[in-house]
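Undergrad: Have a look at this one.
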Amino acid sequence: MHVLILGGTSEARRLAELLHATPRLRLTSSLAGRVASPRLPPGEVRVGGFGGVEGLAAWVREHRVDVLIDATHPFAGTISFHAALAAATAHVPLLALRRPGWVPVEGDHWHDAGSLEEAARLLPALGRRVFLTTGRMGLAAFAALDELWFLVRSVDPPEPPHPARMEVLLDRGPFTLDGERELLRRHRVDVVVTKDSGGTATAPKLTAAREAGLPVLVVRRPPVPEGVPVVPDPEAAARWVQKRLHGSDFPTTG
Ligand SMILES: NC(=O)c1ccc[n+]([C@@H]2O[C@H](COP(=O)([O-])OP(=O)(O)OC[C@H]3O[C@@H](n4cnc5c(N)ncnc54)[C@H](OP(=O)(O)O)[C@@H]3O)[C@@H](O)[C@H]2O)c1
1 MHVLILGGTS
11 EARRLAELLH
21 ATPRLRLTSS
31 LAGRVASPRL
41 PPGEVRVGGF
51 GGVEGLAAWV
61 REHRVDVLID
71 ATHPFAGTIS
81 FHAALAAATA
91 HVPLLALRRP
101 GWVPVEGDHW
111 HDAGSLEEAA
121 RLLPALGRRV
131 FLTTGRMGLA
141 AFAALDELWF
151 LVRSVDPPEP
161 PHPARMEVLL
171 DRGPFTLDGE
181 RELLRRHRVD
191 VVVTKDSGGT
201 ATAPKLTAAR
211 EAGLPVLVVR
221 RPPVPEGVPV
231 VPDPEAAARW
241 VQKRLHGSDF
251 PTTG
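41 is the number that full-length UniProt numbering gives to position 41 of the sequence shown; each next residue is one higher, with no gaps.
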């Protein structure tokens, strides 16, 4: 059985680790190629876009993929949509692996935004010194906010358009609570902007913001395409694949 994992997340890597030694199972992980030196999962890896829905469906057919796992980041909405259409076209089962989103707790001052653009509209009313953790690809949405100062954290250096007044911090998670506290303090941050990425690797900034009484602007996730079963963690996704491999029933919802 050939399993294609659409990856680019720590969960996708973990799933590859769980599956790669399984007998009778061929595993390919696919990365978009956005990060210059990604952490690679075990098993075969291919890098780069497929060329839209048709390209992905053609790849699935050509490489005799039996099962498709969309383990991409919750905000990678285009590839998830393509995966749903390509799986239907190529008649292969599709499972979405999505880590659960974050939930506010007492003491949090969260503000919701439906998109990066909406976050940029809401931001000037919330603070002046911004810790922006939404990734380098979405910086254009904040480029016109000349009156604000930004601390931008990203894995690779951002390219224009980006805010005029910004300092870039090249780093990748997991991050520690002590580190995040220190960052907020040292840069006199008064508002944090984040996607609702979920997971533990980047969650300490939320705790640090809560402790400091800072507002957090949370960009909400795009929905998983309708009808696609969802599981919350790599272990559940591995079980789903194993059940399929052994010919037993597999769930239609997470
Ligand atoms: N968006 C985020 O905040 C974020 C954060 C961390 C990691 N990532 C990872 O970075 C990658 C790109 O994210 P994005 O938001 O730019 O995606 P996206 O907007 O959903 O996808 C844009 C295009 O990138 C290609 N692509 C995306 N993921 C791919 C994969 N795993 N394998 C092969 N091609 C892929 C596809 O090109 P074609 O149409 O040519 O096939 C897709 O149409 C994803 O794999 C995601 O898991 C994203």
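Backbone N, C-alpha and C define an ideal beta-carbon position, used for all residues, glycine too.
Can you give the Cα-Cα distance for F142 and V218, rounded to whole angstroms?
TA: Taking the first residue of the sequence shown as position 1, residue 142 is located at position 142. Taking the first residue of the sequence shown as position 1, residue 218 is located at position 218. Going by the C-alpha atoms only, they are around 15 Å apart.
Undergrad: Since L97 sits in a beta bridge, which residues does DSSP pair it with?
TA: Here residue 97 refers to the residue found at position 97 of the sequence shown. DSSP lists V231 as partners of L97.
Undergrad: Flag this pair as yes or no: are the beta carbons of V192 and L170 separated by less than 7 Å?
TA: Here residue 192 refers to the residue found at position 192 when the sequence shown is read from its first residue. Here residue 170 refers to the residue found at position 170 when the sequence shown is read from its first residue. No, these two residues do not count as a Cβ contact at 7 Å.
Undergrad: Are there three or more Cβ pairs, one per stretch, closer than 8 Å when the segment 41–48 is compared with the segment 12–31?
TA: Enough Cβ pairs lie closer than 8 Å, so yes.
Undergrad: From the DSSP output, which residues share a beta bridge with K195?
TA: One-based indexing of the sequence shown puts residue 195 at position 195. According to DSSP, which records beta bridges pairwise, K195 is partnered with V219.
Undergrad: Determine the direct distance from the alpha carbon of L25 to that of R121, and round the result to whole angstroms.
TA: For the purposes of this step, residue 121 is taken as the residue at position 121 of the sequence shown. For the purposes of this step, residue 25 is taken as the residue at position 25 of the sequence shown. Rounded to the nearest angstrom, the two C-alpha atoms are 48 Å apart.
Undergrad: Apply the 10 Å Cβ neighbour rule to P163 and answer buried if 16 or more other Cβ atoms are within range, or exposed otherwise.
TA: To locate residue 163, count along the sequence shown from 1; it is residue 163. Buried: at least 16 other Cβ atoms inside 10 Å.
Undergrad: In this structure, what does DSSP give as the bridge partners for E44?
TA: Residue mapping note: residue 44 aligns to position 44 of the sequence shown, counting from 1. Partner(s): T28.
Undergrad: From this set, L6, A140, G77, T22, which residue's C-alpha is nearest H246's C-alpha?
TA: Within the sequence shown, numbered from 1, the residue matching residue 246 stands at position 246. Of the listed residues, the one whose Cα sits closest to H246 is T22.
Undergrad: Assuming contact is defined by CB atoms lying nearer than 7 Å, are L97 and A212 in contact in what I supplied?
TA: Taking the sequence shown and counting its residues from 1, one reaches residue 97 at position 97. Taking the sequence shown and counting its residues from 1, one reaches residue 212 at position 212. Not in contact: L97 and A212 (Cβ atoms no closer than 7 Å).
Undergrad: Could you check where the beta strand (DSSP E) with S37 kicks off and where it finishes?
TA: Working through the sequence shown from its first residue, we reach residue 37 at position 37. Neither: S37 is in no beta strand (DSSP E) and is coded neither H nor E.
Undergrad: Starting from A120, trace the alpha helix (DSSP H) both ways and give me its first and last residue.
TA: To locate residue 120, count along the sequence shown from 1; it is residue 120. Per DSSP, A120 belongs to the alpha helix (DSSP H) from 116–122.
Undergrad: Are there three or more Cβ pairs, one per stretch, closer than 8 Å when the segment 47–59 is compared with the segment 70–85?
TA: Taking 8 Å as the limit for Cβ pairs, the verdict is that the segment 70–85 does touch the segment 47–59.
Undergrad: Could you name the residues that DSSP lists as bridge partners for H2?
TA: Counted from its first residue, the sequence shown places residue 2 at position 2. Answer is R26.
Undergrad: Could you tell me which whole beta strand (DSSP E) segments of length 3 or greater appear in the segment 145–184?
TA: Listed in chain order, they are 149–154, 166–170.
Undergrad: Mind reading off the beta-carbon distance from A71 to T9? Whole number of angstroms is fine, and I expect it under 8 Å.
TA: Locating residue 71 in the sequence shown gives position 71, where the first residue counts as 1. Locating residue 9 in the sequence shown gives position 9, where the first residue counts as 1. Yes, they are in contact, since the Cβ atoms of A71 and T9 sit about 6 Å apart, within 8 Å.
Undergrad: Please state whether DSSP places L15 in a helix, a strand or coil.
TA: Here residue 15 corresponds to residue number 15 of the sequence shown, with the count starting at 1. In this structure, L15 counts as helix in the three-state DSSP scheme.
Undergrad: Could you name the residues that DSSP lists as bridge partners for I69?
TA: As a working mapping, residue 69 is identified with position 69 in the sequence shown. Answer is I5, L95.
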